[in-house]
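Letter 38 of the sequence shown, counting from 1, is numbered 38 in UniProt numbering, and no numbers are missing. Idealized CB from N, CA, C, for every residue including glycine.
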Amino acid sequence: MATRNAAIKFSPVVQELRLHLCQSSSASKGARDFIESSYVELKKANPTLPILVRECSGVVPKAWARYGRGEEVSVPLDGLSAEQVGASLAKLNRKA
Numbered sequence: 001m002a003t004r005n006a007a008i009k010f011s012p013v014v015q016e017l018r019l020h021l022c023q024s025s026s027a028s029k030g031a032r033d034f035i036e037s038s039y040v041e042l043k044k045a046n047p048t049l050p051i052l053v054r055e056c057s058g059v060v061p062k063a064w065a066r067y068g069r070g071e072e073v074s075v076p077l078d079g080l081s082a083e084q085v086g087a088s089l090a091k092l093n094r095k096a
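1) Please list the terminal residues of the continuous alpha helix (DSSP H) segment that includes Ala31.
2) Run through DSSP, which three-state label would Val75 get?
3) Looking at the unbroken alpha helix (DSSP H) that takes in Leu89, where does it start and where does it end?
4) Based on DSSP bridge pairs, tell me the residues matched to Val53.
5) Would Gly70 be called buried (16 or more neighbouring beta carbons within 10 Å of its own) or exposed?
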């Protein structure tokens, strides 16, 4: 199911997507699993969209989308499964 979510085609209004996660915490496991299983397909669906993966020890997992005029919106990824991470990213697309 994570693969299906990864095929999200983001609106051109979304200028950047950032995923913040910890390399080892259990709270970031779903985000790590999503990246491992779905990043390539997500990037293929959005070849011009910068998709940044930022790892930092102890950080609370979160996804950020940057829109026009510098507006940024985030969704928490804390404790989510890979499938739920994909659904959370889709929410960022709907806010566009």
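Taking the coordinates as given:
1) Lys29 to Ala45
2) strand
3) Ala82 to Arg94
4) Leu19
5) exposed
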